[in-house]
Amino acid sequence: MTTVKASMAGTVWKIIVTEGEEVKAGQDVAILESMKMEIPITAEVGGKVKKILAQEGDFINVNDDILELE
Amino acid sequence: MISKILIANRGEIARRIIRTCQKMNIQTVAVYSEADANALHVKEADEAFEIGKPPVALSYLNIEKIIEVAKETKADAIHPGYGLLSENAQFAKRCEEEGIRFIGPNAEVIASIGSKLEARKTMQKAGVPIIEGIDVPLENIEEAKEIANKIGFPIMLKASAGGGGIGMQRIDREEELEKAFEGNKKRAESFFGDGTMYIEKLIENPHHVEVQIIADSHGNVVPLFERECSVQRRNQKVVEEAPSPFISTSTREKMLDAAVQAAKHIGYTNAGTIEFLVDGDENFYFLEMNTRLQVEHPVTEEITKLDLVEWQIHVANNKPLTFTRESIKKHGHAIEVRIYAENPKTFFPSPGTITELQLPEGEGIRHEIAVESGSAVTPFYDPMIAKLVVWGETREIAVRRLTDALQQYKVTGIETNIPMLLEVVQKQPFIDGMTTTSFVNDYYLPQIQNVKN
Numbered sequence: 001m002t003t004v005k006a007s008m009a010g011t012v013w014k015i016i017v018t019e020g021e022e023v024k025a026g027q028d029v030a031i032l033e034s035m036k037m038e039i040p041i042t043a044e045v046g047g048k049v050k051k052i053l054a055q056e057g058d059f060i061n062v063n064d065d066i067l068e069l070e
Numbered sequence: 001m002i003s004k005i006l007i008a009n010r011g012e013i014a015r016r017i018i019r020t021c022q023k024m025n026i027q028t029v030a031v032y033s034e035a036d037a038n039a040l041h042v043k044e045a046d047e048a049f050e051i052g053k054p055p056v057a058l059s060y061l062n063i064e065k066i067i068e069v070a071k072e073t074k075a076d077a078i079h080p081g082y083g084l085l086s087e088n089a090q091f092a093k094r095c096e097e098e099g100i101r102f103i104g105p106n107a108e109v110i111a112s113i114g115s116k117l118e119a120r121k122t123m124q125k126a127g128v129p130i131i132e133g134i135d136v137p138l139e140n141i142e143e144a145k146e147i148a149n150k151i152g153f154p155i156m157l158k159a160s161a162g163g164g165g166i167g168m169q170r171i172d173r174e175e176e177l178e179k180a181f182e183g184n185k186k187r188a189e190s191f192f193g194d195g196t197m198y199i200e201k202l203i204e205n206p207h208h209v210e211v212q213i214i215a216d217s218h219g220n221v222v223p224l225f226e227r228e229c230s231v232q233r234r235n236q237k238v239v240e241e242a243p244s245p246f247i248s249t250s251t252r253e254k255m256l257d258a259a260v261q262a263a264k265h266i267g268y269t270n271a272g273t274i275e276f277l278v279d280g281d282e283n284f285y286f287l288e289m290n291t292r293l294q295v296e297h298p299v300t301e302e303i304t305k306l307d308l309v310e311w312q313i314h315v316a317n318n319k320p321l322t323f324t325r326e327s328i329k330k331h332g333h334a335i336e337v338r339i340y341a342e343n344p345k346t347f348f349p350s351p352g353t354i355t356e357l358q359l360p361e362g363e364g365i366r367h368e369i370a371v372e373s374g375s376a377v378t379p380f381y382d383p384m385i386a387k388l389v390v391w392g393e394t395r396e397i398a399v400r401r402l403t404d405a406l407q408q409y410k411v412t413g414i415e416t417n418i419p420m421l422l423e424v425v426q427k428q429p430f431i432d433g434m435t436t437t438s439f440v441n442d443y444y445l446p447q448i449q450n451v452k453n
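Protein chains in written order, with UniProt numbering: chain Y, 1 to 70; chain S, 1 to 453.
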């Protein structure tokens, strides 16, 4: 199991995937808004989305968990 | 006469406005979010009030809260700076209703030009050249395809409410249009609350040249020359200069004429900018009008020796302009670079704390800066932390001074785009003054690709 973490501080603008969905390595799973810019968050490895941990609109810090993959 | 101004902004522009107010013996009121409690503009204003949580929607965009502070402090005017509420007609209207002077054009003028699509129509009526395109919102993807094919690819797909490059995309083929249409529409809806999209023909390798104007309440409109702002990344300006090294004297005169015509047609007052795209043959087309002070206004100040904020305040006081197009002369050449807190290769933001800051000094150097050593750069606002402005008797001298200054500019603790700026100003096409909006794509990004490989 791996966790996809925030690459920088920002507000969760969109979670693109849903729980149970299969994602590939390199696929965008969420979009953060930081400093008026959209920052795509990609899954480094492939897997099935087990649990989404961050909600759209949440403010998260760098390295905070966004979702779990299994 | 205005005696106290509330500054509805933050960062370097708030400090810039405070400086002119102090020179004019005008009292200042700063407003700030929780994240900006230790910001320099808060310390420098005569009074400062916290107006809410860090996200702009809860603080710097809270119209009623800002109006309330203005009334409590008995500020007789509000300067909106740039960005945030500066082009918000509703805000200007609320100021008018409360008897607070809004330093800018009136609410109706802002509204008439606020939608890019409306602005196109208005400018066409004013006799200003516009890019071939449509004048009504696109209803759906089928209509978008039909119109795109009629105009001919490549096209620019644009959000009418857009800004900062958001909702805007170059489209080369019909297949790309479908995905881009939905994506940009959604983005525009989410960012601006308005998903109206339209299409314009793409101008290949254009220069971005804009004309600064100032208009008083007595019908006088004076153009203050142009700025070339072709060096951009993510559709946002990075380097700006005045005058444009590209256009000829006769093109300049035609562009200044068009800008004055546009301002007069809409009954514009205060400082404003008409942006144009200029093709390789020096044909120019209206891009958009900014009804506010712009980030890059210092380069105009440097070549005209005018203080634009001072003149904005004079105009708001109904004072007539004391200069004319004929009496304003340009002196030398000025270049501004925007210092962004971002990775110089990916252009992704780099929030954090500045541990050390060392600013270059020397002849012709001007700093507009929001931070100092120990300042936190938070993820809530624009990544621009400073502007470096240089002036020289000639462009060559200005470029040399800029290069030297950038080499001495030190920021540690966060990443900045200074390495990128240094590369850019030393590239031959930049030295030659041949910059188009694809400059970064053509000359900077390929080099990064090579480094990666």
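For every residue, glycine included, the Cβ atom is placed at its ideal position computed from N, Cα and C.
Predicted model only: the values in this text are computed from it and were never measured.
Given a length threshold of 4 residues, each whole run of the alpha helix (DSSP H) inside the stretch 257-344 of chain S is given here in chain order: 297-304, 308-316. The C-alpha of residue 74/S lies about 8 Å from the C-alpha of residue 4/S.
Sorting 160/S, 86/S, 103/S, 89/S by C-alpha distance to the C-alpha of residue 121/S places 160/S at the top.
Annotation for residue 345/S: 448 place their beta carbon closer than 7 Å to its own, counting only its chain and skipping 5 residues before and after.
At a cut-off of 7 Å between beta carbons, residue 57/Y makes no contact with chain S.
Cα atoms of residue 318/S and residue 14/S: separation of roughly 23 Å, rounded to the nearest angstrom.
DSSP, reduced to helix, strand and coil, places residue 173/S outside both helices and strands of the structure shown, so it counts as coil.
At least one C-beta of chain S is nearer than 7 Å to the C-beta of residue 36/Y. For residue 41/S, the enclosing alpha helix (DSSP H) starts and ends at 40-44. In this structure the stretch 345-355 of chain S lies against the stretch 31-46 of chain Y, because at least three pairs of beta carbons, one per stretch, are closer than 8 Å. As the crow flies, the alpha-carbon of residue 274/S is around 31 Å from that of residue 363/S.
With its beta carbon less than 7 Å from one in chain Y, residue 382/S belongs to the interface. With respect to the 7 Å criterion, residue 240/S and residue 296/S are classified as neighbours on the basis of their beta carbons.
Residue contact with chain S for residue 10/Y: present (Cβ-Cβ distance below 7 Å to some residue of chain S).
Residue 39/Y: member of the beta strand (DSSP E) spanning 37-42, first to last residue. If you draw a 10 Å sphere on the C-beta of residue 184/S, you find 16 or more other C-beta atoms in it, and that means buried. Between residue 213/S and residue 263/S, the C-beta gap is smaller than 7 Å, which places the two residues in contact. Between the C-alpha atoms of residue 392/S and residue 232/S there is a straight-line separation of about 23 Å.
In the displayed model, residue 255/S falls within a helix according to three-state DSSP. Excluding sequence positions up to five before and after residue 311/S, its CB lies within less than 6 Å of the CB of 214, all in the same chain and listed in chain order. Close partners of residue 439/S in chain Y (Cβ separation under 7 Å) are lacking, with about 20 Å as the shortest Cβ gap. The beta carbon of residue 370/S sits closer than 6 Å to the beta carbons of 11, 12, 385 from its chain, once the five residues preceding and following it are set aside; these are given in chain order. In chain order, 364, 390, 392 place their CB closer than 6 Å to the CB of residue 401/S, counting only its own chain and leaving out the 5 sequence neighbours on each side.
Within the model, the alpha-carbon separation for residue 431/S versus residue 126/S is close to 36 Å. For the 7 Å CB-CB criterion, residue 315/S and residue 270/S form a contact.
If you compare the alpha carbons of 192/S, 132/S, 194/S, 325/S with that of residue 221/S, the shortest gap goes to 325/S. As summarised for the stretch 84-136 of chain S, the continuous alpha helix (DSSP H) elements at least 4 residues long and confined to that stretch are 89-97, 107-114, 116-125, given in chain order.
For a cut-off of 8 Å, the C-beta gap from residue 67/Y to residue 53/Y is around 6 Å, short enough to register as a contact.
If you check the CB distance, residue 9/Y and residue 62/Y come in under 7 Å. The C-alpha of residue 11/Y lies about 9 Å from the C-alpha of residue 55/Y. In the three-state reduction of the DSSP assignment, residue 444/S falls in the helix class, which pools H, G and I. Here the alpha carbon of residue 133/S sits roughly 7 Å from the alpha carbon of residue 151/S. Of 53/S, 289/S, 167/S, 41/S, the smallest CA-CA separation from residue 235/S is found for 167/S. In the three-state DSSP reduction, residue 225/S falls in the strand class (E or B).
Put simply, the backbone Cα of residue 355/S is about 29 Å away from that of residue 445/S. Taking 7 Å as the cut-off, the Cβ atoms of residue 39/Y and residue 29/Y do not count as close.
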